[in-house]
Structure formats: structure tokens, C-alpha cells
Amino acid sequence: GNSVTQMEGPVTLSEEAFLTINCTYTATGYPSLFWYVQYPGEGLQLLLKATKADDKGSNKGFEATYRKETTSFHLEKGSVQVSDSAVYFCALSYTGGFKTIFGAGTRLFVKA
Amino acid sequence: GAGVSQSPSNKVTEKGKDVELRCDPISGHTALYWYRQSLGQGLEFLIYFQGNSAPDKSGLPSDRFSAERTGGSVSTLTIQRTQQEDSAVYLCASSVGDRATDTQYFGPGTRLTVL
């Protein structure tokens, strides 16, 4: 069946460090891929998405590239800030409303 | 504009009681999802509504869980005879349609505690 696997957290980084959060997926066909973020005390919100192979989603300095050959959608940011501390969820979905599959989430702590 | 709203924000109940959780989606959104987020866990899909189609109930964990959506808008998730393992944050999301590219907008959630 379809699944999303994320690296386990928590991830602790110093400010301005490089961030990678790995995400791999198992799916048939051509799902769309998403990263959602949940800041402390707030609801989930979309961070970025990619809808086909080789697409790059980007937002707020974060990037992720849809790699079909490695079934991956790793999240990267060149220089993290304290305000990036949050839980990050990788997800996939298909047109037609099949249930969105979320990863378990990766908690990121950024120290000043 | 208004986002997805959920009520109550917190609910504490005793084991064996029934609870109802409400979700008001963004106006005009035809798709509505319920998820459950347990402590330290990811999001678990529960149920999906799209327009007037029959809902996808494949994620409901037991027959104690049910949901309805009236008039294609407000949705209510009902948990009967609550158990302690039902304690979690219940999230509702809506999207404009059911295309894979449609962004889901999440509500703030209802934190359910079953004593």
C-alpha cells in the first residue's frame, strides 16, 4: 500500500545551519507530494508542494524536489532560523480524494 | 476570509460517554477531511467527504466512530462510548476540490481527553 516515511526526530540545529529532513514514499502511479508544517500552538499549514516528477516546490527558503527515481521528497533549507522550530510532515495524495497519507512528522528545534 | 473552524477546542469526557466534534469548512470548499493526531504520532486519516458523493470511511478505526456532513458544509464527528485510547487531537481540513494538487486547509483541532 501507499506510505510515507520520514526521518525520525527530533532534529536539533544551531541557527544558520543547513537543514535536510528526509522523506521517501511508496506509491503507485503519480501522486502529488506535500510538506506541511505545524508551528507550536498552531494548526497544520501547507509549506510547499510538487505535483509531478522533477518539480521543485519552494517557500520561505525551504525547497523540496520530487524525485521519482528515488521516490523521495527531501526538505532542505540553507540557513535555518529559530522561528523554523516546528513539526514538519511529508504527505502524498492523489486526485479523486483518496486519503492523504502523512508521515509521522519530524520535530525540528533550532537553537540561537 | 474565515478559515476552517472547529469546536470545541478542548473536550474532556468520561470513558463511555458520547462526544460530538464540529467542523466548519471554508465556504465553497467541496472536500472535507477528518484526521486524528495522537501524542507523538503522525496524522491518521479518518473520513473524507466530497460534494454529494458517498463518504470514504475507510479510516474510521471502529464502528463507534461516525461522521456526517449536512448540506455539503458543516461536519460532525461522533464518537460513541469513548475509550481512553480515543484521546487525541482531532483535525478537520477542507479543500476546494478533490484534485491531488488542491491544498488542504486545516482547522486548529479539537483536543479530546477521555478520563
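Chain order of the listed sequences is A and B.
Basically the numbering used here = 1-based index in the first sequence + 53.
Basically the numbering used here = 1-based index in the second sequence + 281.
Every residue, glycine too, gets a C-beta built ideally from N, C-alpha and C.
None of these values were measured; they are calculated from a predicted model.
Short of 7 Å from the beta carbon of Ala165 of chain A, and not among the five residues preceding or following it, lie these beta carbons of its own chain, in chain order: Glu68, Val135.
Distance from the CA of Gly323 of chain B to the CA of Phe155 of chain A, rounded to the nearest whole angstrom, comes to 7 Å. Along the segment 339-354 of chain B, the positions whose C-beta sits under 8 Å from a C-beta of chain A are Ser339, Gly340, read in chain order. Contact annotation: Ser347 of chain B and Thr359 of chain B have beta-carbon atoms nearer than 8 Å. Following the DSSP letters along the chain, one finds Asn291 of chain B inside the beta strand (DSSP E) bounded by residues 291-294. Contact check between the segment 59-77 of chain A and the segment 126-142 of chain A: three or more CB pairs, one atom from each, fall below 8 Å, which counts as touching. Around the beta-carbon of Lys102 of chain A, 16 or more other beta-carbon atoms lie within 10 Å, marking it buried. Considering only A:Ser146, A:Tyr92, A:Asp107, the residue with the shortest C-alpha distance to Glu116 of chain A is A:Asp107. Of the other Cβ atoms in all chains shown, 16 or more fall within 10 Å of the Cβ of Asp379 of chain B; this residue is therefore buried. Residues of the segment 383-396 of chain B that bring their beta carbon within less than 9 Å of a beta carbon in chain A comprise Asp383, Thr384, Gln385, Tyr386, Phe387, Gly388, Pro389, Gly390, in sequence order. For Phe162 of chain A, the closest Cβ of chain B is not nearer than 8 Å.
Residue-level contact by beta carbon holds for Leu99 of chain A and chain B, with a gap shorter than 8 Å. Annotation: the continuous beta strand (DSSP E) that includes Gly110 of chain A extends over 109-112. Scanning the segment 66-93 of chain A for uninterrupted beta strand (DSSP E) segments of 3 residues or longer gives 72-74, 76-79, 85-91, listed from N- to C-terminal end. At a beta-carbon threshold of 8 Å, the residues of chain B lying near Ala157 of chain A are Gln322, Gly323, ordered along the chain. Against chain A, a Cβ distance below 7 Å from Leu358 of chain B picks out nothing, because the smallest value is about 15 Å. In the same chain as Val293 of chain B, and ignoring 5 residues on each side of it, the C-beta atoms closer than 7 Å to its own belong to Thr394, Leu396, in chain order.
Restricting attention to A:Thr58, A:Gly54, A:Pro63, A:Val57, the CA atom closest to the CA of Val163 of chain A is found in A:Pro63. For Ser354 of chain B and Val133 of chain A, the gap between their C-alpha atoms comes out near 39 Å.
Leaving aside the five residues that flank Tyr83 of chain A on each side, none in its chain has a CB nearer than 6 Å to its CB.
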